[in-house]
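2 protein chains.
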Amino acid sequence: MALRIVELSGGVGGARFARGLDAVSDVELTVVVNVGDDLPTHGLYVTPDLDTMVYTLAGLEGPQGWGRAADSFVVNAELARFGVDNRFQLGDLDLALKIFRTARMGAGQRLSEVTDSVRTGFGIVATVLPASDDPVRTIVTTREGARLGFQAYFVERQHRDHVLRLDFDGADLARPAPGVIEAIDSADVVIIGPSNPPLSIWPILAVAEIEAAIRRHPRVMAVSPLIGGKTVRGPADVVMADLGLGTGTRAVIAAYRGLIDLLVVDSGDAEPSGEVDGVTVVSMSTSIPGREEAAELARRMIAL
Amino acid sequence: MALRIVELSGGVGGARFARGLDAVSDVELTVVVNVGDDLPTHGLYVTPDLDTMVYTLAGLEGPQGWGRAADSFVVNAELARFGVDNRFQLGDLDLALKIFRTARMGAGQRLSEVTDSVRTGFGIVATVLPASDDPVRTIVTTREGARLGFQAYFVERQHRDHVLRLDFDGADLARPAPGVIEAIDSADVVIIGPSNPPLSIWPILAVAEIEAAIRRHPRVMAVSPLIGGKTVRGPADVVMADLGLGTGTRAVIAAYRGLIDLLVVDSGDAEPSGEVDGVTVVSMSTSIPGREEAAELARRMIAL
Chain G
1 MALRIVELSG
11 GVGGARFARG
21 LDAVSDVELT
31 VVVNVGDDLP
41 THGLYVTPDL
51 DTMVYTLAGL
61 EGPQGWGRAA
71 DSFVVNAELA
81 RFGVDNRFQL
91 GDLDLALKIF
101 RTARMGAGQR
111 LSEVTDSVRT
121 GFGIVATVLP
131 ASDDPVRTIV
141 TTREGARLGF
151 QAYFVERQHR
161 DHVLRLDFDG
171 ADLARPAPGV
181 IEAIDSADVV
191 IIGPSNPPLS
201 IWPILAVAEI
211 EAAIRRHPRV
221 MAVSPLIGGK
231 TVRGPADVVM
241 ADLGLGTGTR
251 AVIAAYRGLI
261 DLLVVDSGDA
271 EPSGEVDGVT
281 VVSMSTSIPG
291 REEAAELARR
301 MIAL
Chain X
1001 MALRIVELSG
1011 GVGGARFARG
1021 LDAVSDVELT
1031 VVVNVGDDLP
1041 THGLYVTPDL
1051 DTMVYTLAGL
1061 EGPQGWGRAA
1071 DSFVVNAELA
1081 RFGVDNRFQL
1091 GDLDLALKIF
1101 RTARMGAGQR
1111 LSEVTDSVRT
1121 GFGIVATVLP
1131 ASDDPVRTIV
1141 TTREGARLGF
1151 QAYFVERQHR
1161 DHVLRLDFDG
1171 ADLARPAPGV
1181 IEAIDSADVV
1191 IIGPSNPPLS
1201 IWPILAVAEI
1211 EAAIRRHPRV
1221 MAVSPLIGGK
1231 TVRGPADVVM
1241 ADLGLGTGTR
1251 AVIAAYRGLI
1261 DLLVVDSGDA
1271 EPSGEVDGVT
1281 VVSMSTSIPG
1291 REEAAELARR
1301 MIAL
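These protein sequences, in sequence, are chains G and X.
Going by my numbering, 72 is the number at position 72 of the first sequence; the sequence numbering is gapless.
Here my numbering = 1-based position in the second sequence + 1000.
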């Protein structure tokens, strides 16, 4: 019988790990993806992490890990003619998905319904779910007191601000997308992927019913996004320090306090190991640039 | 002092003529463009005649007269992945305009406001106005009794149906776009371009205030879209016959009954000439594939 795995995931790191899980035979994978970074761009519904997940599972992701491989940028460049801010680069192939999604949602479909059509369009077998069909928006309050939407913080300001506080606007009213709780409850194991804990995973857990389902699940693992104490990409290490979670493995454990039983850290981050705050820390290589490395990590974790 | 000219226009033919008017020195041109063919496509606001007008005035129109020159179709092709009907071919450069317009209208701007930004983006000096900011939709009732939206009739069914009746849904409630009446009232001459009279010009005139402004204007000319009794493109001749307007020059005069003082017909359509039903018929070459021919026709008409 297939092993049922649910992964909670942000963008690139979590998507690469999902590709590994998906490559393991006899795994029935459901990914629950962060929607805290979703935002309208040029009037189109853009959901960065869901799209990165879909493209990565389809093996069509761009060289940076997001967007589509071998994409062109004809539309994006042309938007400049109208004085539009087009610094957030959207490729033409990528825009087709955005246009399709926006049209369907404009016609009344929910994000999860459209995501399922998208999944089908890319021939993906794994179940891909947004954490919620309701708006949950990550708001970064900087040390200087500015309240920035995620894209303003991450893309425009290149995550150079120190973070004082994170809010997940709308999370108090948000319900899990259909299938999320059922998938978690029936999963043999839940794995929090190697994503940014505060910025990518907390917005998922901010949906109270999801957090409750994770808390009651008997087997929840996480993969640390740190390698040698630093993030492979993005500002997870800095943000965790800014938020008072500390540094290194301890920061990740603190970010997931009360939620996980086991944390996988990279071999270079072996200290501390064993039991830390009730969490079993296991080290192995967590560098997963390709499908094979990710599948190997997934197999080793499943063996645990 | 500049000669103020208002042209009422549909798509390709009227746009080519506008390019000629625009090339004549000392002409202050305002084009009032049909919006009866507007329709949402992939959730985007598509207004075929306005876009053809803008592209043609900018000298960037596609080889068929519509769309953009040297466009690519990456987005349109990719939409097929999601099972979307993508037979209505939208190019990537063309989509940038559609995306821009849809975003602005989604943010509350009116079609005429966005059109002015678009005009500016293309460096067009002439004033480009939609007939109305309110929805006016051309509905074709076929002899078989089907009610078809314009694109269904024109694009999907390739205008092969015989037309029993035309309706312009919404026209009874539609107001002229800001500036339309002022432009007509202050124009030295109004010219109805070589567009399909029932399908492209009637939806403009269906806005009662526009028709009234045309009726009270002392100098209204029209250019017949027929050459040798046939339309250069599209089904104007067939539609006029279907609607009982007759054939050739007489059909065009009948379509514009009570509205025009002078009709310019192609040299090959010299009969009837002189006064016909109170309209002075003048023949000259109306074949305007290029800017120069169009400018020459414009100059000759201005000389009248």
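Here a beta-carbon is modelled for each residue, glycine too, at the ideal position from N, C-alpha and C.
Residues bridged to X:R1168 by DSSP? A small fix is needed here, since residue 1168 of chain X is Phe in this sequence, not Arg. Looking at the DSSP assignment, X:F1168 forms a beta bridge with X:T1138.
Can you tell which of X:P1197, X:V1207, X:D1188 and X:N1196 has the C-alpha that lies nearest to the C-alpha of X:L1173? X:V1207
Step through the CB atoms of chain G and report whether any lies within less than 8 angstroms of the CB of X:F1154. no
What's the call for X:T1120, buried or exposed, on a 16-neighbour Cβ count within 10 Å? exposed
Use the C-beta contact count for G:G59: other C-beta atoms within 10 angstroms, 16 or more gives buried, fewer gives exposed. exposed
My guess is that X:L1262 and X:G1248 are in contact by the Cβ rule of under 8 angstroms, so how many angstroms apart are they, rounded? That pair is no contact at about 17 angstroms.
Mark X:M1001 as exposed unless 16 or more other C-beta atoms lie within 10 angstroms of its C-beta, in which case mark it buried. exposed
Around the Cβ of X:P1176, are there at least 16 other Cβ atoms within 10 angstroms (buried) or fewer (exposed)? buried
Return yes when the Cβ of G:I214 is within less than 8 angstroms of the Cβ of G:I184, no when it is not. yes
With C-beta atoms as the reference, is X:T1056 less than 8 angstroms away from X:R1016? yes
Please state whether DSSP places G:S9 in a helix, a strand or coil. strand
Of the residues G:G193, G:G170, G:R104 and G:E28, the one placed nearest G:S224, counting alpha carbons only: G:G193
Closest residue to G:A152 among G:D134, G:L97 and G:F88 (Cα-Cα distance): G:F88
Compute the beta-carbon to beta-carbon distance between X:V1136 and X:G1014, rounded to the nearest angstrom, for a pair I have assumed lies under 8 angstroms. Not quite, the Cβ-Cβ distance comes to about 17 angstroms (not below 8 angstroms), so this is no contact.
Between the segment 1155-1164 of chain X and the segment 1226-1241 of chain X, can you find at least three pairs of beta-carbon atoms closer than 8 angstroms? yes
Give me, in chain order, the residues of the same chain whose beta-carbon lies closer than 7 angstroms to that of G:P198; leave out the 5 immediate sequence neighbours on both sides. L166, V239, M240, L243 and A255
For my contact list, G:V276 and G:I253 are in at a C-beta cut-off of 8 angstroms; report their separation, rounded to the angstrom. 6 angstroms
C-beta neighbour in chain X for G:G106, strict 8 angstroms: yes
Between the beta-carbon of X:G1065 and the beta-carbon of X:V1012, is there less than 8 angstroms? yes
Thinking C-beta only, is X:P1178 closer than 8 angstroms to X:S1132? no
I'd like the ranges of any alpha helix (DSSP H) spanning at least 4 consecutive residues and lying wholly in the segment 33-113 of chain G. 48-57, 74-79 and 92-106
Between G:A295, G:R299 and G:T231, which has its C-alpha nearest G:D266's C-alpha? G:T231
Consult DSSP for G:R4 and reduce its assignment to one of helix, strand or coil. strand
Expected contact under 8 angstroms - CB spacing of X:I1005 and X:V1189 to nearest Å: 6 angstroms
Starting from G:V125, trace the beta strand (DSSP E) both ways and give me its first and last residue. Premise fails: G:V125 is in no beta strand (DSSP E) and is neither H nor E.
Between X:R1104 and the rest of its own chain, which residues show a CB-CB distance below 8 angstroms, the 5 nearest in sequence each way excluded? E1113, V1114 and S1117
So is X:A1070 in contact with chain G if we call contact Cβ pairs under 8 angstroms? no
To which residues of the same chain is X:V1180 closer than 7 angstroms at the C-beta, ignoring the five residues directly before and after it? V1032, L1129, A1131 and I1210
So, G:I124 versus G:L44, is the Cβ gap smaller than 8 angstroms? no
Residues of the segment 42-60 of chain G whose Cβ lies closer than 9 angstroms to any Cβ of chain X, in chain order: H42, G43 and L44
On a CA-only basis, which of G:N196, G:L39 and G:L3 is nearest G:T373? Give me that one, please. Chain G is shown from 1 up to 304; residue 373 of chain G falls before or after that span and cannot be answered.
Inspect the beta-carbon positions of G:A307 and G:S9 and report whether they are closer than 8 angstroms. The requested residue 307 of chain G does not occur in the structure, where chain G is confined to residues 1 to 304.
Which one or two residues does DSSP pair with G:V190 in a beta bridge? G:V6 and G:V220
For X:L1297, the first and last residue of its enclosing alpha helix (DSSP H): R1291 to A1303
So is G:R119 in contact with chain X if we call contact Cβ pairs under 8 angstroms? no
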